[in-house]
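>
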DNA sequence: ATAGGTCAAGCGAGG
DNA sequence: CCTCGCTTGACCTAT
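Residue numbers (my numbering): 1 to 320.
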């Protein structure tokens, strides 16, 4: 099964027509630091509970569209790295809601993944940053545990290496040491992704410095690869990344297109960074005959995916 | 009700 | 030295 999915936000459900009276459905309710420190954990727990309930509603909507791949927001449980989940007064209700979402996903063969933010840096020399990273990654893993998922790359927790400050070999060594501080469940889900800067980590470097050492799978990002090829063609890099996944798990790839190109007719186009993601995607995605699940990283989220499926109706064959 | 200002996390790049 | 971009725009306050 080849799936195509979108990330974290369902614009359709999150922005109901004015006057429709429909509630906003979103998993991204959060609070600023000052607010929750003033209001306490009960406040955060309410947000988390509503987010968790809405996750299932989004999956139900996805199912109706034939979309069976979704990235779960890292903010579903706001500020989750600042406390134990069991400290939330609504913990049991949240756990139940997450389990229901997980049950729905299993029943309908949906794949759920996460992509913790760029502040999760396992290889940094700053020990407090590593400590926070470990807590954050564990929370993502706990969320999947609560959903009832057996630990596996099927529900991947995908991150970037994020630093090269004192040399990639040094970073890799430290990264791997810290990797073994993670729980087994978390490690069973953790994957790494190639970067969008020439100076950072290409697929080839991730393969040699990380995969060959600890067997961790590599998530291939088509768009990032164009900025950091490591001397490989797109097809070579894709095949190398795909080779790092266990045979019984469909590899995930990320796909997006250039915002600068998309808006080249605008005067402001010159200000858009080369790396910026487009709102929509237009070109057929070449998977070179490989079986992969494609995560679209487009600003227009579900709208971009639905339009892509209209542009390329043959794709629908791959998601049923 | 909405506009505009503001925000929590680490790092690298560009001005 | 400051700002942006990435992860994800959402929150909060004043009008």
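All C-beta atoms in this analysis are idealised placements derived from N, C-alpha and C, irrespective of residue type, glycine included.
What you are looking at is a predicted structure, and each value in this text was computed from that prediction instead of being measured.
Starting from residue 128, trace the alpha helix (DSSP H) in both directions and tell me its first and last residue.
Your numbering for residue 128 matches position 128 in the first chain. It spans 127-147 - the alpha helix (DSSP H) in which residue 128 sits, taken as one unbroken run.
> Taking contact to mean at least 3 C-beta pairs separated by less than 8 Å, is the segment 123-135 in contact with the segment 176-184?
Touching, yes, given that three or more Cβ pairs across the two stretches are closer than 8 Å.
> For residue 97, count neighbouring Cβ atoms within 10 angstroms of its own Cβ and tell me buried if that reaches 16, exposed if not.
If you number the first chain from 1, residue 97 lands on position 97. Residue 97 comes out buried.
> So the beta strand (DSSP E) residue 124 belongs to, where does it begin and stop?
Numbered from 1 along the first chain, position 124 holds the residue referred to as residue 124. Careful: residue 124 lies outside any beta strand (DSSP E) and carries neither H nor E.
> Please return the same chain residues whose Cβ sits closer than 8 Å to the Cβ of residue 47, not counting the five positions on each side in sequence.
As a working note, residue 47 is residue 47 in the first chain. The answer, listed in chain order, is 29, 30, 31 and 78.
> Look up residue 15 in the DSSP assignment and say whether it is helix, strand or coil.
Along the first chain, read from residue 1 onward, the residue named residue 15 stands at position 15. Residue 15 falls in the coil class under three-state DSSP.
> Under the three-state reduction of DSSP, which class applies to residue 7: helix, strand or coil?
Here the question's residue 7 lines up with position 7 in the first chain. In this structure, residue 7 counts as strand in the three-state DSSP scheme.
> Since residue 255 sits in a beta bridge, which residues does DSSP pair it with?
Walking along the first chain from the start, residue 255 turns up at place 255. Note: residue 255 sits in a beta bridge opposite 296.
> What is the DSSP secondary structure of residue 158, reduced to helix, strand or coil?
Reading the first chain from its first residue, position 158 is the one you call residue 158. Three-state DSSP puts residue 158 in a strand.
> Which of the three DSSP states, helix, strand or coil, is assigned to residue 332?
The question about residue 332 has no answer, for the chain in this structure spans 1 to 320.
> Return the CA-CA distance between residue 140 and residue 152, expressed in angstroms with no decimal places.
The residue given as residue 140 occupies position 140 in the first chain. The residue given as residue 152 occupies position 152 in the first chain. Roughly 13 Å between the two C-alpha positions.
> Looking at the structure shown, is residue 84 part of a helix, part of a strand, or coil, going by DSSP?
Indexing the first chain from 1 puts residue 84 at position 84. It is coil, neither helix nor strand.
> Rounded to whole angstroms, what is the Cα-Cα separation between residue 90 and residue 41?
Taking the first chain and counting its residues from 1, one reaches residue 90 at position 90. Taking the first chain and counting its residues from 1, one reaches residue 41 at position 41. Near 9 Å, if we compare the C-alpha coordinates of residue 41 and residue 90.
> Out of 276, 254, 290 and 274, which one is the CA nearest neighbour of residue 305?
The sequence position of residue 305 within the first chain is 305, counting from 1. When each option's Cα is compared against that of residue 305, the closest is 254.
> Alpha carbon to alpha carbon, how far is residue 110 from residue 317? Give it in angstroms, no decimals.
The sequence position of residue 317 within the first chain is 317, counting from 1. The sequence position of residue 110 within the first chain is 110, counting from 1. Its pLDDT being 42, under 50, residue 317 is placed unreliably by the model, and nothing is read from it.
> Give the list of continuous alpha helix (DSSP H) stretches no shorter than 4 residues that lie fully inside the segment 169-241.
As far as the segment 169-241 is concerned, its whole alpha helix (DSSP H) runs of at least 4 residues are 184-187, 203-206 and 222-225.
> Classify residue 207: buried if its beta carbon has 16 or more other beta carbons within 10 angstroms, exposed otherwise.
For the purposes of this step, residue 207 is taken as the residue at position 207 of the first chain. By the 10 Å Cβ count, residue 207 comes out buried.
> Assuming residue 225 contacts residue 234 (C-beta within less than 8 Å), just tell me the rounded distance between them.
The residue labelled residue 225 in the question sits at position 225 within the first chain. The residue labelled residue 234 in the question sits at position 234 within the first chain. So it is a contact: roughly 6 Å between Cβ atoms.
> With DSSP as the reference, identify every bridge partner of residue 71, one or two as the case may be.
Here residue 71 is taken as the residue at index 71 of the first chain, counted from 1. Answer is 7 and 113, bridged to residue 71.
> Suppose contacts are defined by Cβ-Cβ distances below 9 Å. Is residue 237 in contact with residue 281 by that definition?
Translated into the one-based positions of the first chain, residue 237 becomes position 237. Translated into the one-based positions of the first chain, residue 281 becomes position 281. For residue 237 and residue 281, no; Cβs fall outside 9 Å.
> What number of angstroms, rounded off, separates the C-alpha of residue 312 from the C-alpha of residue 302?
Working through the first chain from its first residue, we reach residue 312 at position 312. Working through the first chain from its first residue, we reach residue 302 at position 302. Answer to the nearest angstrom: the Cα atoms are 15 Å apart.
> What residue range does the alpha helix (DSSP H) around residue 90 cover?
Position 90 of the first chain, counted from the start, is the residue given in the question as residue 90. Premise fails: residue 90 is in no alpha helix (DSSP H) and is neither H nor E.
> Go ahead and label residue 265 buried or exposed: buried means 16 or more other beta carbons lie within 10 angstroms of its beta carbon, across all protein chains shown.
As a first step, residue 265 is located in the first chain; it is residue number 265 there, counting from the start. Residue 265 should be labelled exposed.
> Locate the alpha helix (DSSP H) running through residue 62, then write down its first and last residues.
On the first chain, position 62 is the one that residue 62 refers to. Note, residue 62: alpha helix (DSSP H), 41-65.
> So, using beta-carbon positions, are residue 51 and residue 114 closer together than 9 Å?
Numbered from 1 along the first chain, position 51 holds the residue referred to as residue 51. Numbered from 1 along the first chain, position 114 holds the residue referred to as residue 114. No.
> Thinking just about the alpha-carbon of each residue, which of 309, 310 and 300 is nearest to the one in residue 13?
Taking the first chain and counting its residues from 1, the one referred to as residue 13 is at position 13. When only C-alpha atoms are compared, the closest one is 300.
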